(Lines of atoms letter the chains of each structure in order from A and count residues from 1; the text may use other names and numbers.)
(Lines give C-alpha, C1' and ligand atoms only; values in the text may rest on other atoms or scores of the structure.)
Protein backbone atom coordinates (compact mmCIF):
# COMPACT_ATOMS: atom_id res chain seq x y z
CA UNK A 1 0.00 0.00 0.00
CA UNK A 2 2.17 2.84 -1.33
CA UNK A 3 1.13 6.33 -0.22
CA UNK A 4 2.59 9.53 -1.64
CA UNK A 5 1.88 13.18 -0.95
CA UNK A 6 2.82 16.01 -3.30
CA UNK A 7 2.67 19.43 -1.59
CA UNK A 8 3.10 22.94 -2.95
CA UNK A 9 3.87 25.05 0.15
CA UNK A 10 1.97 26.07 3.27
CA UNK A 11 3.05 29.34 4.87
CA UNK A 12 0.63 29.09 7.79
CA UNK A 13 0.83 25.37 8.47
CA UNK A 14 -1.22 22.48 7.13
CA UNK A 15 -4.99 22.85 6.64
CA UNK A 16 -7.17 20.72 8.91
CA UNK A 17 -8.23 18.35 6.14
CA UNK A 18 -4.61 17.60 5.30
CA UNK A 19 -3.68 17.20 8.96
CA UNK A 20 -6.37 14.56 9.38
CA UNK A 21 -5.37 12.71 6.22
CA UNK A 22 -1.70 12.61 7.22
CA UNK A 23 -2.51 11.60 10.78
CA UNK A 24 -4.33 8.53 9.47
CA UNK A 25 -1.70 7.62 6.89
CA UNK A 26 1.35 8.10 9.12
CA UNK A 27 0.54 5.20 11.43
CA UNK A 28 4.18 4.11 11.83
CA UNK A 29 6.01 7.02 13.45
CA UNK A 30 9.30 5.34 14.21
CA UNK A 31 11.45 7.56 12.01
CA UNK A 32 11.03 10.48 9.62
CA UNK A 33 13.95 10.80 7.21
CA UNK A 34 14.12 14.11 5.38
CA UNK A 35 16.19 14.88 2.30
CA UNK A 36 17.60 18.40 2.34
CA UNK A 37 16.32 20.45 -0.59
CA UNK A 38 19.52 22.51 -0.41
CA UNK A 39 21.91 19.64 0.37
CA UNK A 40 24.99 21.88 0.65
CA UNK A 41 23.25 24.31 3.02
CA UNK A 42 23.48 22.66 6.43
CA UNK A 43 21.60 25.50 8.15
CA UNK A 44 18.54 25.16 5.90
CA UNK A 45 15.51 25.45 8.23
CA UNK A 46 13.07 23.01 6.62
CA UNK A 47 13.40 20.35 9.33
CA UNK A 48 12.13 22.92 11.83
CA UNK A 49 9.35 24.08 9.50
CA UNK A 50 8.06 20.60 8.68
CA UNK A 51 8.45 19.23 12.20
CA UNK A 52 7.34 22.21 14.30
CA UNK A 53 4.93 24.10 12.02
CA UNK A 54 3.39 21.37 9.87
CA UNK A 55 3.39 17.99 11.59
CA UNK A 56 3.45 18.57 15.35
CA UNK A 57 0.39 20.91 15.32
CA UNK A 58 -1.42 17.96 13.72
CA UNK A 59 -0.31 15.71 16.59
CA UNK A 60 2.16 13.89 14.32
CA UNK A 61 5.35 13.24 16.28
CA UNK A 62 8.06 10.77 15.30
CA UNK A 63 10.42 8.94 17.62
CA UNK A 64 13.41 9.90 15.50
CA UNK A 65 14.18 12.60 12.92
CA UNK A 66 17.07 12.51 10.45
CA UNK A 67 18.18 14.93 7.74
CA UNK A 68 20.12 13.60 4.75
CA UNK A 69 22.52 15.93 2.94
CA UNK A 70 26.20 16.13 1.99
CA UNK A 71 27.29 15.88 5.64
CA UNK A 72 26.49 12.17 5.58
CA UNK A 73 28.30 9.47 3.67
CA UNK A 74 26.41 7.84 0.81
CA UNK A 75 26.34 4.57 2.74
CA UNK A 76 24.82 6.15 5.85
CA UNK A 77 22.31 8.17 3.83
CA UNK A 78 21.17 5.10 1.93
CA UNK A 79 20.87 3.05 5.12
CA UNK A 80 18.79 5.70 6.90
CA UNK A 81 16.49 6.08 3.92
CA UNK A 82 16.00 2.33 3.50
CA UNK A 83 14.93 1.99 7.15
CA UNK A 84 12.65 5.06 7.27
CA UNK A 85 9.01 4.68 8.23
CA UNK A 86 8.29 8.00 6.48
CA UNK A 87 10.28 10.01 3.93
CA UNK A 88 10.05 13.76 3.29
CA UNK A 89 11.74 15.24 0.21
CA UNK A 90 12.20 18.87 1.15
CA UNK A 91 11.72 22.02 -0.84
CA UNK A 92 14.73 24.04 -1.87
CA UNK A 93 16.66 24.29 -5.14
CA UNK A 94 15.16 21.83 -7.60
CA UNK A 95 18.30 21.21 -9.68
CA UNK A 96 20.62 20.93 -6.64
CA UNK A 97 18.27 18.40 -5.08
CA UNK A 98 18.13 16.45 -8.34
CA UNK A 99 21.93 16.27 -8.49
CA UNK A 100 22.14 15.13 -4.87
CA UNK A 101 19.57 12.36 -5.36
CA UNK A 102 21.61 11.02 -8.28
CA UNK A 103 25.02 11.47 -6.61
CA UNK A 104 23.90 9.55 -3.53
CA UNK A 105 21.94 6.85 -5.36
CA UNK A 106 18.71 7.62 -3.50
CA UNK A 107 16.10 7.46 -6.25
CA UNK A 108 15.74 3.68 -6.41
CA UNK A 109 15.65 3.41 -2.61
CA UNK A 110 12.77 5.89 -2.50
CA UNK A 111 10.91 4.07 -5.29
CA UNK A 112 11.31 0.71 -3.55
CA UNK A 113 10.41 1.96 -0.07
CA UNK A 114 7.16 0.95 1.60
CA UNK A 115 7.28 4.17 3.66
CA UNK A 116 4.87 7.05 3.18
CA UNK A 117 6.72 9.45 0.85
CA UNK A 118 6.01 13.18 1.02
CA UNK A 119 7.51 16.02 -0.95
CA UNK A 120 7.09 19.80 -0.87
CA UNK A 121 7.77 22.27 -3.66
CA UNK A 122 11.16 21.31 -5.18
CA UNK A 123 10.93 17.96 -3.41
CA UNK A 124 7.52 17.18 -4.89
CA UNK A 125 8.72 18.28 -8.31
CA UNK A 126 11.63 15.84 -8.07
CA UNK A 127 9.22 13.02 -7.19
CA UNK A 128 7.69 13.40 -10.66
CA UNK A 129 8.45 11.08 -13.58
CA UNK A 130 9.77 14.08 -15.52
CA UNK A 131 9.88 17.75 -14.65
CA UNK A 132 10.55 20.97 -16.45
CA UNK A 133 13.20 23.39 -15.25
CA UNK A 134 11.61 26.38 -16.91
CA UNK A 135 12.97 29.80 -17.70
CA UNK A 136 9.42 30.96 -16.92
CA UNK A 137 9.34 29.82 -13.28
CA UNK A 138 11.97 32.12 -11.88
CA UNK A 139 14.91 29.80 -12.55
CA UNK A 140 18.11 31.67 -13.42
CA UNK A 141 18.51 29.93 -16.78
CA UNK A 142 18.40 30.92 -20.44
CA UNK A 143 16.78 27.79 -21.83
CA UNK A 144 14.24 25.42 -20.30
CA UNK A 145 15.26 21.78 -19.78
CA UNK A 146 13.36 18.55 -19.10
CA UNK A 147 14.72 16.35 -16.29
CA UNK A 148 14.00 12.76 -15.30
CA UNK A 149 12.72 12.62 -11.73
CA UNK A 150 12.40 9.89 -9.12
CA UNK A 151 9.36 8.62 -11.00
CA UNK A 152 7.06 7.66 -8.16
CA UNK A 153 4.13 8.49 -10.44
CA UNK A 154 3.88 9.02 -14.17
CA UNK A 155 3.25 12.77 -14.24
CA UNK A 156 4.86 16.16 -13.68
CA UNK A 157 3.89 18.00 -10.49
CA UNK A 158 4.35 21.68 -11.31
CA UNK A 159 4.68 24.09 -8.40
CA UNK A 160 6.29 27.47 -7.77
CA UNK A 161 5.65 30.58 -5.72
CA UNK A 162 2.82 32.74 -7.06
CA UNK A 163 2.03 30.26 -9.83
CA UNK A 164 -0.93 31.20 -12.01
CA UNK A 165 -2.81 28.92 -14.38
CA UNK A 166 -3.11 31.99 -16.63
CA UNK A 167 0.67 32.33 -17.06
CA UNK A 168 0.78 32.27 -20.86
CA UNK A 169 4.56 31.91 -21.13
CA UNK A 170 4.58 28.88 -18.85
CA UNK A 171 1.52 27.37 -20.52
CA UNK A 172 3.31 27.62 -23.87
CA UNK A 173 5.74 25.05 -22.44
CA UNK A 174 3.33 22.95 -20.41
CA UNK A 175 0.66 22.41 -23.07
CA UNK A 176 2.99 20.63 -25.54
CA UNK A 177 4.56 18.65 -22.68
CA UNK A 178 1.09 17.49 -21.61
CA UNK A 179 0.83 15.47 -24.82
CA UNK A 180 3.70 13.34 -23.48
CA UNK A 181 2.68 13.07 -19.82
CA UNK A 182 0.03 14.56 -17.55
CA UNK A 183 0.93 17.80 -15.79
CA UNK A 184 -0.61 18.72 -12.42
CA UNK A 185 -0.34 22.43 -11.70
CA UNK A 186 -0.54 23.41 -8.03
CA UNK A 187 -1.83 26.95 -7.57
CA UNK A 188 -1.10 28.41 -4.11
CA UNK A 189 -1.60 25.93 -1.24
CA UNK A 190 -2.30 22.50 -2.73
CA UNK A 191 -1.76 18.81 -2.14
CA UNK A 192 -2.11 15.59 -4.09
CA UNK A 193 -2.42 12.25 -2.29
CA UNK A 194 -1.97 8.95 -4.10
CA UNK A 195 -2.60 5.48 -2.72
CA UNK A 196 -2.57 2.42 -4.96
CA UNK A 197 -3.29 4.55 -8.01
CA UNK A 198 -6.19 6.46 -6.44
CA UNK A 199 -5.74 10.24 -6.35
CA UNK A 200 -7.31 12.81 -4.05
CA UNK A 201 -6.53 16.52 -4.04
CA UNK A 202 -6.72 19.61 -1.86
CA UNK A 203 -6.76 23.18 -3.12
CA UNK A 204 -6.71 24.42 -6.71
CA UNK A 205 -5.00 21.61 -8.62
CA UNK A 206 -5.25 21.76 -12.40
CA UNK A 207 -4.71 18.78 -14.68
CA UNK A 208 -3.23 19.53 -18.09
CA UNK A 209 -3.62 16.50 -20.37
CA UNK A 210 -3.45 16.41 -24.16
CA UNK A 211 -3.12 20.21 -24.13
CA UNK A 212 -6.43 20.66 -22.29
CA UNK A 213 -6.77 22.22 -18.82
CA UNK A 214 -9.14 20.90 -16.14
CA UNK A 215 -9.64 22.12 -12.56
CA UNK A 216 -9.89 19.03 -10.35
CA UNK A 217 -12.60 18.77 -7.73
CA UNK A 218 -11.18 18.99 -4.22
CA UNK A 219 -11.44 15.56 -2.60
CA UNK A 220 -9.26 15.66 0.54
CA UNK A 221 -11.88 16.90 2.97
CA UNK A 222 -12.75 16.79 6.64
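Numbering (the numbering used here), first residue to last: 779 to 1000.
Ideal Cβ placement from N, Cα and C applies to all residues, glycine included.
Please read these numbers as outputs of a predicted model, since none were measured by experiment.
N-terminal and C-terminal residue of the alpha helix (DSSP H) that residue i is part of
i: residue 904; result: 900 to 905
i: residue 888; result: 885 to 890
i: residue 990; result: Taken as a continuous stretch (DSSP letters only), residue 990 belongs to no alpha helix (DSSP H), being part of the beta strand (DSSP E) at 990 to 993.
Exposure of residue i, with buried meaning 16 or more beta-carbon neighbours within 10 Å
i: residue 979; result: buried
i: residue 881; result: exposed
i: residue 834; result: exposed
i: residue 863; result: buried
i: residue 869; result: buried
i: residue 965; result: buried
i: residue 820; result: exposed
i: residue 828; result: buried
Residue i: first and last residue of the uninterrupted beta strand (DSSP E) it sits in
i: residue 722; result: Limits of the chain in this structure are 779 at one end and 1000 at the other, which puts residue 722 out of reach.
i: residue 985; result: 976 to 987
i: residue 864; result: 864 to 870
i: residue 810; result: 809 to 815
i: residue 937; result: 933 to 937
Reduced DSSP category for residue i - H, G, I as helix; E, B as strand; rest coil
i: residue 828; result: helix
i: residue 948; result: helix
i: residue 966; result: strand
i: residue 820; result: coil
i: residue 786; result: coil
i: residue 853; result: helix
i: residue 914; result: coil
i: residue 881; result: helix
i: residue 960; result: strand
i: residue 920; result: coil
i: residue 803; result: helix
i: residue 942; result: coil
i: residue 930; result: coil
i: residue 792; result: coil
Check whether residue i and residue j have beta carbons under 8 Å apart
i: residue 943; j: residue 963; result: yes
i: residue 844; j: residue 801; result: no
i: residue 903; j: residue 866; result: no
i: residue 924; j: residue 941; result: no
i: residue 906; j: residue 933; result: yes
i: residue 969; j: residue 850; result: no
i: residue 846; j: residue 860; result: no
i: residue 914; j: residue 951; result: yes
i: residue 822; j: residue 897; result: no
i: residue 858; j: residue 894; result: no
i: residue 900; j: residue 875; result: yes
i: residue 956; j: residue 931; result: no
i: residue 786; j: residue 937; result: yes
i: residue 884; j: residue 813; result: yes
Beta-carbon separation (whole angstroms), residue i vs residue j, contact threshold 8 Å
i: residue 871; j: residue 927; result: Contact flag wrong, Cβ pair sits at about 15 Å.
i: residue 958; j: residue 981; result: Residue 958 to residue 981, Cβ: 25 Å. No contact.
i: residue 1014; j: residue 994; result: Outside the displayed span of the chain (779 to 1000) sits residue 1014, for which this structure offers no information.
i: residue 832; j: residue 804; result: Residue 832 to residue 804, Cβ: 12 Å. No contact.
i: residue 788; j: residue 967; result: 5 Å
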